[in-house]
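In the UniProt record's numbering, the protein residues as written are 1 to 109.
Even glycine gets a Cβ: it sits at the ideal position worked out from N, Cα and C.
Written below as structure tokens is the structure these notes are about.
This is how it looks when you write it as structure tokens:
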């Protein structure tokens with residue numbers, strides 16, 4: 001019964017989000033300042049990387065921000081930021097085959 005209740009309460013980030021927003025999170029001014037600074041650093045870095053490497057310049061598509069800071073579940077002041085750099089490599093994607101393999105693990109109770 002405890003396992004079921006635990007999974008129900010923590011199956012998503014809702015509880016953590018409420019606690020964080022009310023007691024831990026940065027205020028909106030700090031979040032805006034951090035986002036502004038981070039955006040400028042990333043923009044400059046991407047521009048410099050494109051200038052230094054033609055493959056990167058051609059493959060670069062976008063940045064996707066992710067992680068606890070953007071989900072608003074970060075505990076404490078942010079000292080790292082998660083982001084994905086989306087690239088489209090100059091390859092024939094039709095030649096790529098993907099197989100999905102599921103592995104089932106059982107835990108001993």
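Simplified DSSP state of residue i, which is helix, strand or coil
i	result
residue 47	helix
residue 106	coil
residue 99	coil
residue 1	The predicted model places residue 1 with a pLDDT of 46, which falls under 50 and marks its position as unreliable; any figure quoted below should be read in that light. Looking at residue 1 - three-state DSSP - the assignment turns out to be coil, as it is neither helix nor strand.
residue 35	helix
residue 91	coil
residue 28	helix
Whether residue i touches residue j by CB criterion (8 angstroms)
i	j	result
residue 64	residue 86	yes
residue 84	residue 66	yes
residue 88	residue 57	no
residue 34	residue 90	no
residue 28	residue 71	no
Enclosing alpha helix (DSSP H) for residue i [first to last residue]
i	result
residue 19	14–19
Chain D within 8 angstroms of residue i, Cβ atoms only
i	result
residue 31	No chain D is part of this structure, which consists of one protein chain only.
Where are the beta strand (DSSP E) runs, 3 residues long or more, that stay fully inside the stretch 54–87, in chain order?
60–66, 82–87
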